[in-house]
Amino acid sequence: MSNDLYLQLQWLPKPPVDWRKRLKQLTDAPNQAEEIRYLASHALSASQLEHLGRRLGRIAASERESLGLTPFRLGIVSNSNLDLLVPQLVASAVRHGIWLDCVVGPYGQIHQQALDPAGIINSAQCQAVLLAMDYRDLVPGVQTDDPATALRIAQQQLSAIRTAFLENAGAPSIVQTLAPPPESLFGNFDRRLSGTRRAQIAAFNHDLLGTMAQTPDYLLDVAAMAEQVGTASWYAPDEWHMAKLSVSLRASPYYADQLGRLLGAILGKSRRCLVLDLDNTIWGGIVGDDGIGGLRLGQGDPVGEAFVAVQQLARDLHGRGVALAISSKNDDTLARTVFREHPDMVLREDHIAVFQANWSDKASNLAAIASSLSLDLSSLVFLDDNPAERALIRQRLPVVAVPELPSDPAYFARTLAAAGYFEAIAFSQEDVARTGFYASNAQRAVLAGMAANLDDYLASLAMEIRFAPFDAMGQERIAQLIAKSNQFNLTTKRYSGLEVGRLAVDPTVRTIQVRLQDCFGDNGMVSIVILRCATSDRWVIDSWLMSCRVLGRGVEKMVLAEIVRIARAEGASEIVGVYRPTSRNVLVRDHYEGFGFSSLGEDEEGNSRWIRSTAPVLDLPPIKVAQSVEQVEPASLAAQ
1 MSNDLYLQLQ WLPKPPVDWR KRLKQLTDAP NQAEEIRYLA SHALSASQLE HLGRRLGRIA
61 ASERESLGLT PFRLGIVSNS NLDLLVPQLV ASAVRHGIWL DCVVGPYGQI HQQALDPAGI
121 INSAQCQAVL LAMDYRDLVP GVQTDDPATA LRIAQQQLSA IRTAFLENAG APSIVQTLAP
181 PPESLFGNFD RRLSGTRRAQ IAAFNHDLLG TMAQTPDYLL DVAAMAEQVG TASWYAPDEW
241 HMAKLSVSLR ASPYYADQLG RLLGAILGKS RRCLVLDLDN TIWGGIVGDD GIGGLRLGQG
301 DPVGEAFVAV QQLARDLHGR GVALAISSKN DDTLARTVFR EHPDMVLRED HIAVFQANWS
361 DKASNLAAIA SSLSLDLSSL VFLDDNPAER ALIRQRLPVV AVPELPSDPA YFARTLAAAG
421 YFEAIAFSQE DVARTGFYAS NAQRAVLAGM AANLDDYLAS LAMEIRFAPF DAMGQERIAQ
481 LIAKSNQFNL TTKRYSGLEV GRLAVDPTVR TIQVRLQDCF GDNGMVSIVI LRCATSDRWV
541 IDSWLMSCRV LGRGVEKMVL AEIVRIARAE GASEIVGVYR PTSRNVLVRD HYEGFGFSSL
601 GEDEEGNSRW IRSTAPVLDL PPIKVAQSVE QVEPASLAAQ
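Numbering (my numbering), first residue to last: 1 to 640.
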């Protein structure tokens with residue numbers, strides 16, 4: 001398998017034999033949205049990605065919203081040739097649910113584009129700027145007598161570019177680590193001599209990582225990618241000399257997929273639940289036939305150790321906030337007995353949020369798991385050794401990620417890790433606690449089934465709600481929730497972490513973060529509201545979004561009551577809400593009407609406006625308000 005796993009994207013299925021024919025018919029396909037996702041979902045070569053990307057470019061702008069892909073405008077600057085790479089980036093982004101609009105700066109004009117406020121990149125309203133720079137841009141090509149000064153100059157250059165884009169474009173940078181070339185000057189002595197390219201690159205990367213925490217910029221770890229495939233595969237001298245390609249055509253599909261993952265994480269599209277099959281997936285053998293003692297699992301047996309590695313990776317993912325679930329055609333009691341009694345099991349029952357061991361079809365089980373955890377099916381990754389089961393899920397539930405597994409279980413764990421389904425751009429204590437949230441959701445679902453009626457169920461949860469303005473401590477989580485919330489999201493406006501910080505101190509804005517706790521534990525942050533002062537007596541709900549895992553518990557009514565309370569405290573007599581329809585927020589189409597708002601009409605794009613007085617909200621659910629947003633003086637913000 002070696003580096004072909006990465007270079008050939010082997011966790012994805014191979015393209016079908018009619019792939020090129022279907023590509024040619026793409027623009028005429030009646031189910032164009034599904035066909036685009038299907039074509040992009042395979043392990044495509046650089047040439048196939050380029051052809052798909054160029055074909056996507058022919059789709060009219062008016063048709064793109066109907067594709068169900070989240071738009072992202074990316075500026076790109078580089079000292080290399082991007083003509084072949086950009087279409088690959090566009091096609092790979094589809095795989096991660098993104099319609100990527102690339103704004104490319106002129107060749108070699110990185111500093112000019114960063115410093116010119118009216119430049120192509122700075123005037124394009126990009127959401128981020130990719131600094132596609134490699135060692136040739138920043139590290140001297142010859143041994144220098146003053147390596148410290150050379151390194152400092154390179155660091156200052158990059159810092160100036162990042163700062164300029166942030167100030168002039170209002171966009172964070174996606175900064176790449178530098179991958180060293182395979183050639184060395186002193187052989188094994190290279191790393192010990194501070195002036196060599198290899199030593200300079202290592203020092204540059206170390207310093208870069210130290211600066212990332214101080215900025216809103218994102219990291220694309222090119223050095224790690226090159227390590228995985230080998231720098232000799234990452235760089236192709238002939239392609240550089242002939243076409244100035246800084247990443248070889250062999251490696252560019254992997255680079256494009258990695259960027260797609262990162263953009264997906266920025267938009268909150270990373271997967272949140274790993275669903276595991278049992279027999280021959282996390283242990284060797286079939287427990288119903290072989291019995292617990294006949295399973296291959298544990299140290300001393302190369303096959304048994306391979307399955308231990310799969311479980312260890314799953315447990316590590318659980319530790320960083322990924323929910324684990326089981327979907328297996330098996331006897332429930334027998335399957336659970338392995339978790340409880342087998343001495344070499346790394347995973348135990350308390351790691352599993354939902355345990356579905358039965359004889360139902362796995363597509364139904366996956367739907368039930370998503371429902372129990374209050375997750376969309378697009379949050380799931382399904383790991384199964386059986387090619388037939390994988391194919392069935394891809395056909396029936398195409399939004400579920402299903403990695404293609406090799407025949408050798410020794411590579412199961414590496415393949416799952418290589419696929420990058422759980423890409424992250426931040427990590428917080430709330431991420432650590434998230435697996436507890438999911439397990440509690442499953443318990444709440446059981447309790448709901450036992451309750452005689454909704455009122456009894458809500459009362460039994462003993463809920464407490466807390467409201468607070470945006471703050472620095474919650475900024476990352478707020479940005480995550482804004483990025484990934486699609487169903488209960490009235491306007492689907494996206495704000496980056498940088499913009500969240502600005503909103504928190506804007507005197508014409510009031511912000512609300514909502515946290516919920518109940519008898520099963522802390523649900524964490526579940527809702528976000530951004531209010532803007534329109535006039536001295538009217539406030540507008542700029543954004544209102546909520547995690548679907550708390551729907552149906554009366555939280556939305558409590559949030560409305562807090563919105564009304566804040567508006568009244570500011571002296572407002574009216575609140576205006578806006579609904580901007582998308583392909584995924586149909587759930588809240590009638591939200592404002594259901595809460596007694598009156599219609600102000602609808603524009604030609606289908607956006608509707610609704611108005612309500614600031615009269616108190618009545619008939620509140622049995623939820624205790626443990627904390628409200630601090631009241632401010634009722635002076636008009638419009639005057640400020």
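Where is the CB? At the ideal position from N, CA and C, for every residue including glycine.
Spatial distance of SER184 from LEU193 (CA atoms): 11 Å
Helix, strand or coil at LEU100 according to DSSP, with G and I counted as helix: DSSP places LEU100 within a strand segment (E or B) once states are collapsed to three.
For LYS557, three-class secondary structure by DSSP: helix
Segment contact, 8 Å Cβ cut-off, at least three pairs: the region 95-104 with the region 236-245: no
Test item: CB-CB of ASN330 and LEU278 under 8 Å: yes
Beta-carbon proximity list for ARG198, same chain, < 7 Å, skipping 5 on both sides: Excluding residues within five positions, the ones whose Cβ falls inside 7 Å are PRO180, SER184, ASP190 and ARG191.
Cα-Cα separation between PRO469 and PRO621, rounded to whole angstroms: One C-alpha to the other measures close to 23 Å.
N-terminal and C-terminal residue of the beta strand (DSSP E) that PHE382 is part of: 380-383
Among ASN607, GLU602, ASP603 and ALA569, nearest to ASN585 - alpha-carbon criterion: ASN607
Delimiting residues of the beta strand (DSSP E) encompassing GLN395: Taken as a continuous stretch (DSSP letters only), GLN395 belongs to no beta strand (DSSP E), being part of the alpha helix (DSSP H) at 387-396.
Closest Cα partner of GLY384 within the set PRO398, PRO406 and LEU375: The amino acid occupying residue 384 in the given sequence is Asp; Gly does not appear at that position. Ranking the options by Cα distance to ASP384, first place goes to PRO406.
Neighbourhood of GLY264 by C-beta distance below 7 Å, restricted to the same chain and skipping five residues each side: HIS96, GLY97, ILE98, SER270 and GLU423
Reference ILE174, options ALA150, PHE186, MET133 and ASP146, closest by Cα: MET133
As assigned by DSSP and simplified to three states, the class of MET641: No answer is possible for residue 641: it lies beyond the span of the chain, which begins at 1 and ends at 640.
ASP408, buried or exposed, once every other Cβ within 10 Å from all chains shown has been counted against 16: exposed
Under the three-state DSSP convention, the category LEU259 falls into: Three-state DSSP puts LEU259 in a helix.
Selection from ALA418, THR508, SER496 and SER460 that minimises the alpha carbon distance to LEU7: ALA418
Meets three-Cβ-pair contact criterion under 8 Å: the region 509-525 and the region 539-558: yes
Start-to-end residues for the alpha helix (DSSP H) that takes in ASN365: 362-372
Three-state secondary structure (DSSP) of VAL349: In the sequence as displayed, the identity of residue 349 is Glu instead of Val. In this structure, GLU349 counts as helix in the three-state DSSP scheme.
CB of ILE623 within 8 Å of CB of ILE512, strictly: no
Unbroken alpha helix (DSSP H) run spanning LYS244, endpoints: It is not in any alpha helix (DSSP H) - LYS244 carries neither H nor E in the DSSP assignment.
Of the listed residues ILE528, LEU600, ALA572 and VAL287, nearest to ALA483 (C-alpha basis): ILE528
Enclosing beta strand (DSSP E) for GLU602 [first to last residue]: 598-602
Chain-order list of residues whose beta-carbon lies under 7 Å from that of LEU151 (same chain, five-residue window excluded): GLN200, ALA203 and PHE204
ALA349 versus GLY321 - alpha carbon distance: The residue asked about is misnamed: residue 349 is Glu in this sequence, not Ala. Approximately 16 Å, taken between the alpha carbons.
heavy atom of the ligand NAP below 7 Å from ILE201 C-beta: Only the bare structure without any ligand can be found here, which leaves the ligand NAP out of the picture.
Nearest to GLU63 (by Cα), restricted to the options SER485, THR177, PHE597 and ALA33: Out of SER485, THR177, PHE597 and ALA33, ALA33 has the C-alpha closest to the C-alpha of GLU63.
Those residues which DSSP pairs with ILE611 across a bridge: VAL576 and SER598
Classification of GLN113 by the beta-carbon crowding that lies within 10 angstroms, buried from 16 upward: buried
Cβ neighbours of TYR642 in the same chain (closer than 6 Å, five flanking residues each side left out): Only positions 1 to 640 of the chain appear in the structure, and residue 642 is not among them; the question remains open.
Buried or exposed by the 16-neighbour rule on C-beta atoms within 10 Å, applied to ASN486: buried
Rounded C-alpha distance that separates ALA572 from HIS591: Roughly 22 Å separates the two Cα atoms.
Residue(s) in a DSSP beta bridge with SER173: Beta-bridge pairing links SER173 to VAL129.
Same chain, Cβ closer than 6 Å to ASP332, five either side skipped, listed in chain order: ALA357
Endpoints, beta strand (DSSP E) assigned at ALA426: Unbroken run through ALA426: none, as it is neither H nor E.
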